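Take a look at the structure set out below.
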Amino acid sequence: MNIFRDFAERLKSAVELIAEQSGIRDVDTARVVVEPPRDPSHGDLACNAAMVLAKPLGLKPRDLATRIAAVLAEDPDVDSVEVAGPGFINLRVRSGYWHKALKSLIGAGETFGRSTMGVGDAVNVEYVSANPTGPMHIGHCRGAVVGDVMANLMVAAGFDVTREYYINDAGSQVDVLARSAYLRYREALGEDIGAIPEGLYPGDYLRPVGEALAREHGDILLAMPEEEWMPVVRVTTVDMMMAMIREDLALLNIVHEIFFSERTLTAGDPSAVEAAIDQLTRDGLVYEGRLPPPKGQLPDDWEDREQLLFRSTEFGDDVDRPLRKSDGSPTYFASDIAYHYDKLRRGFRHLIDVWGADHGGYVKRMQAAIRAISGGAAHFEVKLVQIVRLLSGGEPVKMSKRSGDFITLRELVDRVGPDPIRFMMVFRKNDAQLDFDFEKVTEQSKDNPVFYVQYAHARTCSVFRQAAEELPGLDLSIGALERARLESLDDVGEMALIRRLLEYPRMIEAAAEAQEPHRVAYFLHELASEFHAHWNRGKELPQLRFINHADSHSTLARLALVHATKLVLSSGLAILGVSAPEEMR
RNA sequence: GGCCCCGUAGCUCAGUUGGAUAGAGCAGUGGACUUCUAAUCCACAGGUCGCAGGUUCGAAUCCUGCCGGGGUCGCCA
-9 MNIFRDFAER LKSAVELIAE QSGIRDVDTA RVVVEPPRDP SHGDLACNAA MVLAKPLGLK
51 PRDLATRIAA VLAEDPDVDS VEVAGPGFIN LRVRSGYWHK ALKSLIGAGE TFGRSTMGVG
111 DAVNVEYVSA NPTGPMHIGH CRGAVVGDVM ANLMVAAGFD VTREYYINDA GSQVDVLARS
171 AYLRYREALG EDIGAIPEGL YPGDYLRPVG EALAREHGDI LLAMPEEEWM PVVRVTTVDM
231 MMAMIREDLA LLNIVHEIFF SERTLTAGDP SAVEAAIDQL TRDGLVYEGR LPPPKGQLPD
291 DWEDREQLLF RSTEFGDDVD RPLRKSDGSP TYFASDIAYH YDKLRRGFRH LIDVWGADHG
351 GYVKRMQAAI RAISGGAAHF EVKLVQIVRL LSGGEPVKMS KRSGDFITLR ELVDRVGPDP
411 IRFMMVFRKN DAQLDFDFEK VTEQSKDNPV FYVQYAHART CSVFRQAAEE LPGLDLSIGA
471 LERARLESLD DVGEMALIRR LLEYPRMIEA AAEAQEPHRV AYFLHELASE FHAHWNRGKE
531 LPQLRFINHA DSHSTLARLA LVHATKLVLS SGLAILGVSA PEEMR
């Protein structure tokens, strides 16, 4: 149950009643919001209805608020109603309502917080899509986690989610990769290859590829010209790189359902890319024309020439975009159009792409393209993740990709483990830069939000261990907790915790709606804080402790609250893909 | 130069899609360990929300123009 939605419904019927009395029909209540007030002293729930609807109803905000308040005051679950400020309606809910809601939370168990908002709509989340030219490094890490948590979040919100990886295995870089692997092949056959020439991939990770090629083909590739060995070597190399990337992703518990090869778009006659260009041509969205040279610094090899352009300006882009390179082959943009065409054909109407910030200049044209090919019917959202700055003790860690000594994802996971990486990568808005400090992230203290939240979960477990030990006769089953006399939970700390827990479903929906996974992490941090705070109140006021030997009824009610806290913490951590440990010694 | 992102406490950042007196953590100061794990908690202090206009009952949030930082700009993917 979602208490905010529950009361929003009650408010709307109150408004409709008042509108009817004034002879007005069809009031638009879409902008009416019921939310927790920023200041808890204002009550349990705050509503803006009077301010939003004053005009259409021809009333002053405060007068309307007073009339709505009078209707709501009759509600048996409402304790008190106040009109405040410019026309806020502040509700205080009877404590029995909270206890009822808590009971249903416990009954819902792990399904608490799951929403049907998505009504099973098919969503495609494309993320990582790192080039298959080497192991994953830190630069890929953030997009990987953000995409994965996004997918989890959309599942929780009731969408039918497919996780997808686009393999860029068609460009010239893959040929360069294959040449580098071919060199390693010669090396594996005993040849002294000397230093890796400039322009090829120097990494040791290609050695096993060379060895595999040698095992499979012996020396027959040596006698072939490049056109002949290239396709063979390319396939083996890309397959092995992708296997390696899959292993890297598995270290972060990331598993994609679909790996989509760019190369398959260029195969066949006509290829999917050519078909897409043909379709755009038939729709009159393509022409031969000239682009103005870029302002600022002109590329050395700039030449003014006619080329095949897509009319992206008709769909909100700043300039029209080329579909063919000077040699006539399709641009990356052209294959990307074909790729997204394919996603739409597979039945997806919601597409979420997670890209690195360096692709920011690419967003508008892709949005334009999808508007064009879907006739405006598809929801397409690009989430750009900003750069991660890697620090160690506050000092930037130097990385040089050229020399190949960048820090791999594998090294990072070995050093700090998957949980801190996953948590920290979503403990920030995706469009803000992020500092990732080795020392802070491995630290096991409250400075580290990962441990802070995990510790709260471990504490909930420790309470139950303790209770089982101290009160061996007490039935601690879920059923017993559900039947507990929850009305005895009346301390301010307990009530604050209950209110926070019941915000969970609303937070999930809002985060999914906004496609902002970081909200889950922040919510958990706040919930953990609420729990730690209440725990500590039991030190000064022993009568507030969860376990009370003299009173098994209140103990059981409090354990029910602890259980509910554990449920929400582990549910939220599951969305983040972070483990919820039972103890942290 | 065009486009995109960012600018909130000394530092790192949230801010519930336009709500009330702008919030956390770190750093600083002062407190709480014969305890259900002090890996925690409490209190104090800290702000012209980059600047200037505009929109309205109401702006950190939306619009315009500046300033500063980052990214990006046909034949890389």
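Quick note: the first sequence uses the numbering used here, first residue -9, plus one each step.
The beta-carbon is built from N, C-alpha and C at its ideal position, and this holds for glycine as well.
Quantities reported herein were computed from a predicted structural model and do not represent experimental measurements.
Where DSSP assigns a beta bridge to TRP345, which residues make up the other side?
Translated into the one-based positions of the first sequence, residue 345 becomes position 355. Answer by DSSP bridge pairing, in chain order: LEU374.
Counting along the chain, where does the alpha helix (DSSP H) carrying GLY528 start and finish?
Reading the first sequence from its first residue, position 538 is the one you call residue 528. Counting along the chain, the alpha helix (DSSP H) containing GLY528 begins and ends at 508 to 530.
Would you mind working out which of LEU35, GLY33 and ASP53 sits nearest MET41, comparing C-alpha positions?
If you number the first sequence from 1, residue 41 lands on position 51. Among LEU35, GLY33 and ASP53, the Cα nearest to that of MET41 is on ASP53.
Please classify ARG412 as buried or exposed, where buried requires at least 16 other C-beta atoms within 10 Å of its C-beta.
Residue numbering aside, residue 412 sits at position 422 when the first sequence is read from its first letter. With 16 or more other Cβ atoms within 10 Å, it is buried.
ILE363 lies in the alpha helix (DSSP H); which residues open and close that run?
Indexing the first sequence from 1 puts residue 363 at position 373. Start and end: 353 to 364.
Which runs of the alpha helix (DSSP H) fall wholly inside the stretch 232 to 269 and span at least 4 residues, in chain order?
Listed in chain order, the complete alpha helix (DSSP H) runs (minimum 4 residues) inside the stretch 232 to 269 are 253 to 256.
Excluding sequence positions up to five away, which residues of its chain have a Cβ less than 8 Å from the Cβ of GLY279?
Along the first sequence, one-based indexing puts residue 279 at 289. Answer for GLY279: GLU296, GLN297, LEU299 and ASP310, listed in chain order.
I need the straight-line Cα distance from PRO26 to SER569, nearest angstrom please.
By 1-based counting over the first sequence, the position of residue 26 is 36. By 1-based counting over the first sequence, the position of residue 569 is 579. Roughly 29 Å between the two C-alpha positions.
When the distance is taken between beta carbons, is ALA474 closer than 8 Å to ALA367?
Position 377 of the first sequence, counted from the start, is the residue given in the question as residue 367. Position 484 of the first sequence, counted from the start, is the residue given in the question as residue 474. Going by C-beta atoms, ALA367 is not nearer than 8 Å to ALA474.
Check ASP425 in the structure and name its three-state DSSP category.
For the purposes of this step, residue 425 is identified with residue 435 of the first sequence, where counting begins at 1. It is a strand residue.
Whose C-alpha, out of GLY258, LEU514, PHE513 and GLN533, is nearest the C-alpha of GLU484?
On the first sequence, position 494 is the one that residue 484 refers to. Cα-wise, what sits closest to GLU484 is GLN533.
Are GLN357 and GLY306 closer than 8 Å when you measure CB to CB?
Translated into the one-based positions of the first sequence, residue 357 becomes position 367. Translated into the one-based positions of the first sequence, residue 306 becomes position 316. Yes. Within cutoff.
Under 8 Å between the Cβ atoms of VAL135 and LEU241?
The sequence position of residue 135 within the first sequence is 145, counting from 1. The sequence position of residue 241 within the first sequence is 251, counting from 1. No. Outside cutoff.
Can you name, in chain order, every residue of its own chain whose Cβ lies under 7 Å from the Cβ of ARG535, other than the five neighbours on each side?
Position 545 of the first sequence, counted from the start, is the residue given in the question as residue 535. Excluding sequence neighbours, ARG535 sits near GLY528.
What did DSSP end up calling ALA91 once you bin it into helix, strand or coil?
The residue labelled residue 91 in the question sits at position 101 within the first sequence. Three-state result, ALA91: helix.
With three or more C-beta pairs closer than 8 Å as the rule, is the stretch 151 to 159 touching the stretch 107 to 120?
Enough Cβ pairs lie closer than 8 Å, so yes.
Throw me the rounded Cβ distance for the ASP308 and LYS354 pair, which I believe falls under 8 Å.
Within the first sequence, numbered from 1, the residue matching residue 308 stands at position 318. Within the first sequence, numbered from 1, the residue matching residue 354 stands at position 364. Yes, they are in contact, since the Cβ atoms of ASP308 and LYS354 sit about 7 Å apart, within 8 Å.
So does the stretch 247 to 257 actually touch the stretch 159 to 170, counting three or more Cβ pairs closer than 8 Å?
Output reads yes: the stretch 159 to 170 touches the stretch 247 to 257.
Where in the stretch -4 to 51 do unbroken runs of the alpha helix (DSSP H), each at least 4 residues long, occur, reported from the N-terminal end onward?
Qualifying alpha helix (DSSP H) stretches, in chain order: 39 to 47.
Cα separation between SER519 and GLN505?
The residue given as residue 519 occupies position 529 in the first sequence. The residue given as residue 505 occupies position 515 in the first sequence. Cα-Cα distance, rounded: 24 Å.
List the DSSP bridge partners of ARG314.
In the first sequence, residue 314 corresponds to position 324, counting from 1. Paired residues: PRO320.
What do you get for ASP18, buried or exposed, if any count of 16 or more other CB atoms within 10 angstroms of its CB means buried?
As a position in the first sequence, residue 18 is number 28, starting the count at 1. ASP18 comes out exposed.
Assuming ALA501 contacts ARG490 (C-beta within less than 8 Å), just tell me the rounded distance between them.
By one-based count along the first sequence, residue 501 stands at place 511. By one-based count along the first sequence, residue 490 stands at place 500. Actually they are not in contact, since the Cβ atoms of ALA501 and ARG490 sit about 15 Å apart, beyond 8 Å.
Take VAL228 and list the residues in its own chain whose beta-carbon comes closer than 6 Å to its own, dropping the five residues that flank it on each side.
For this step, residue 228 is matched to residue 238 along the first sequence. Excluding residues within five positions, the ones whose Cβ falls inside 6 Å are PRO122 and ASP159.
Distance check for VAL151 and PHE338, CA to CA, integer angstroms please.
Counting from one through the first sequence, the residue named residue 338 turns up at place 348. Counting from one through the first sequence, the residue named residue 151 turns up at place 161. Each residue's alpha carbon lies about 10 Å from the other.
Report back the beta-carbon spacing between LEU62 and LEU47 to the nearest angstrom; my notes put them in contact at under 8 Å.
Position 72 of the first sequence, counted from the first residue, corresponds to residue 62. Position 57 of the first sequence, counted from the first residue, corresponds to residue 47. Going by Cβ atoms, the distance from LEU62 to LEU47 rounds to 16 Å, so no, they are not a contact pair.
On the CB-based measure, 16 or more other CB atoms within 10 Å of its CB, does GLN11 come out buried or exposed?
For the purposes of this step, residue 11 is taken as the residue at position 21 of the first sequence. Counting Cβ neighbours within 10 Å, GLN11 comes out exposed, since fewer than 16 surround it.
Run through DSSP, which three-state label would ARG392 get?
Within the first sequence, residue 392 is the residue found at index 402, counting from 1. Any answer about ARG392 is weak, because its pLDDT of 44 lies below 50 and its placement is not dependable; what the coordinates show is given next. Here ARG392 sits in coil by DSSP.
Find out if the Cβ-Cβ distance for the pair MET414, PHE426 is shorter than 8 Å.
Within the first sequence, numbered from 1, the residue matching residue 414 stands at position 424. Within the first sequence, numbered from 1, the residue matching residue 426 stands at position 436. Yes, the pair counts as a contact, with Cβ atoms nearer than the cut-off.
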